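Student: Encoded as structure tokens, here's the structure I'll be asking about.
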Amino acid sequence: MVRLDQPLDEGDLDPDPIRQWRRWFDEATAAGQPEPEAMALATATRAGEPSVRFVLLRGADERGFVFYTNGHSRKGRDLAANPTAALAFRWWTVERQVRVSGPVSPVESNESDAYFKTRPRGAQLGAWASAQSEQIPSRATLDQQLQSVTARFAGRDVPRPPWWGGFRVRPIEMEFWQGRQDRLHDRLRYRLDVGHWRIQRLNP
Ligand SMILES: Cc1cc2nc3c(=O)[nH]c(=O)nc-3n(C[C@H](O)[C@H](O)[C@H](O)COP(=O)(O)O)c2cc1C
Numbered sequence: 012m013v014r015l016d017q018p019l020d021e022g023d024l025d026p027d028p029i030r031q032w033r034r035w036f037d038e039a040t041a042a043g044q045p046e047p048e049a050m051a052l053a054t055a056t057r058a059g060e061p062s063v064r065f066v067l068l069r070g071a072d073e074r075g076f077v078f079y080t081n082g083h084s085r086k087g088r089d090l091a092a093n094p095t096a097a098l099a100f101r102w103w104t105v106e107r108q109v110r111v112s113g114p115v116s117p118v119e120s121n122e123s124d125a126y127f128k129t130r131p132r133g134a135q136l137g138a139w140a141s142a143q144s145e146q147i148p149s150r151a152t153l154d155q156q157l158q159s160v161t162a163r164f165a166g167r168d169v170p171r172p173p174w175w176g177g178f179r180v181r182p183i184e185m186e187f188w189q190g191r192q193d194r195l196h197d198r199l200r201y202r203l204d205v206g207h208w209r210i211q212r213l214n215p
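Counting from 12, one number per residue, gives the positions in the sequence shown under my numbering.
Here you go:
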């Protein structure tokens, strides 16, 4: 059961923020948090114009946080021009938020291939049918595009579109936020400082 006004103390934290993230992710999942892998992903153009949207986390390890998308999408174009991003997880069942930021790089193509193979066929065809983020005249156009790729790949495996794949956010900063009473929340931030994670407490 989730306790209200649960404190977050420096001594509770794992020295490694990704291991700490995993612990909180597992606790949110155990608390019944719907879609705990949903995360807001903020990117910006080279000129600094920001945009944000949700994506699903598809891998997390010591290298960072991975999501998959269309590289020609708005976020994909942002990341090509300005390869840095910020993520935010919101797990309301446990009154927690985690923020992540750092440089972004494409995942290896064999890793994207392997993940694409696990996708349902409908989603694989959808990746070919949708020029994500481009204007489209009508829903009917999308349906026609889907019919056309369905015919094209009939009777064979759907390959990964060359423009579709994973991106990995390598954290250089992560913040763990625990909701507390009277808005006096606990905030502990990790920052990478010449190869070492330093932890600081922030005002709520
Ligand atoms: C919960 C949730 C999860 C989503 N997951 C993904 C995802 O993993 N990859 C993706 O490309 N879009 C995902 N989307 C759609 C994106 O939010 C967004 O509409 C799309 O990627 C186009 O964004 P862009 O035009 O800013 O590039 C998701 C949307 C929601 C609400």
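The C-beta atom is built at its ideal place from N, Cα and C for all residues, glycine as well.
As the structure is a computational prediction, the values presented were derived from the model and not from experiment.
Between valine 112 and aspartate 20, what straight-line distance do the alpha-carbon atoms span, to the nearest angstrom?
Tutor: As a first step, residue 112 must be located in the sequence shown, where it is residue number 101. As a first step, residue 20 must be located in the sequence shown, where it is residue number 9. The sequence shown places serine at residue 112, not valine. Cα-Cα distance, rounded: 22 Å.
Student: When burial is assigned at 16 or more other CB atoms within 10 Å of the CB, is threonine 54 buried or exposed?
Tutor: Looking up residue 54 in the sequence shown gives position 43. It is buried - the Cβ of threonine 54 has at least 16 other Cβ atoms within 10 Å.
Student: Rounded to the nearest angstrom, what separates leucine 203 and threonine 40 at their Cα positions?
Tutor: Locating residue 203 in the sequence shown gives position 192, where the first residue counts as 1. Locating residue 40 in the sequence shown gives position 29, where the first residue counts as 1. So the alpha carbons of these two residues sit roughly 27 Å apart.
Student: Unbroken beta strand (DSSP E) runs of length 3 or more, entirely within the segment 100-173: which are they?
Tutor: DSSP runs (the beta strand (DSSP E)) wholly in the segment 100-173: 107-117.
Student: Alpha carbons only, please: which of Thr80, Ala99, Phe100, Arg33 is nearest the one belonging to alanine 91?
Tutor: Along the sequence shown, read from residue 1 onward, the residue named residue 91 stands at position 80. Out of Thr80, Ala99, Phe100, Arg33, Thr80 has the C-alpha closest to the C-alpha of alanine 91.
Student: Quick check: the Cα distance between serine 149 and arginine 191, rounded to an integer number of angstroms?
Tutor: Counting from 1 along the sequence shown, the entry for residue 149 is found at position 138. Counting from 1 along the sequence shown, the entry for residue 191 is found at position 180. Roughly 47 Å between the two C-alpha positions.
Student: Contact check, alanine 99 vs alanine 42 under 8 Å by CB: the rounded distance?
Tutor: Along the sequence shown, one-based indexing puts residue 99 at 88. Along the sequence shown, one-based indexing puts residue 42 at 31. That pair is no contact at about 18 Å.
Student: Helix, strand or coil, according to DSSP, for glutamine 17 in the structure here?
Tutor: For this step, residue 17 is matched to residue 6 along the sequence shown. Three-state DSSP puts glutamine 17 in coil, outside helix and strand.
Student: Could you compute how far the alpha carbon of alanine 165 sits from the alpha carbon of alanine 134?
Tutor: The residue given as residue 165 occupies position 154 in the sequence shown. The residue given as residue 134 occupies position 123 in the sequence shown. Their backbone Cα atoms lie some 15 Å apart in a straight line.
Student: Below 8 Å between beta carbons: does that hold for tryptophan 35 and arginine 107?
Tutor: What you label residue 35 is simply residue 24 of the sequence shown in a count that begins at 1. What you label residue 107 is simply residue 96 of the sequence shown in a count that begins at 1. A contact, by the Cβ cut-off of 8 Å.
Student: Report yes if the CB atom of arginine 181 is closer than 8 Å to the CB atom of arginine 74, and no otherwise.
Tutor: Here residue 181 corresponds to residue number 170 of the sequence shown, with the count starting at 1. Here residue 74 corresponds to residue number 63 of the sequence shown, with the count starting at 1. For arginine 181 and arginine 74, yes; Cβs fall inside 8 Å.
Student: Roughly how many angstroms lie between the CA atoms of aspartate 197 and glutamine 17, to the nearest whole one?
Tutor: For the purposes of this step, residue 197 is identified with residue 186 of the sequence shown, where counting begins at 1. For the purposes of this step, residue 17 is identified with residue 6 of the sequence shown, where counting begins at 1. The alpha-carbon atoms of aspartate 197 and glutamine 17 are separated by roughly 9 Å.
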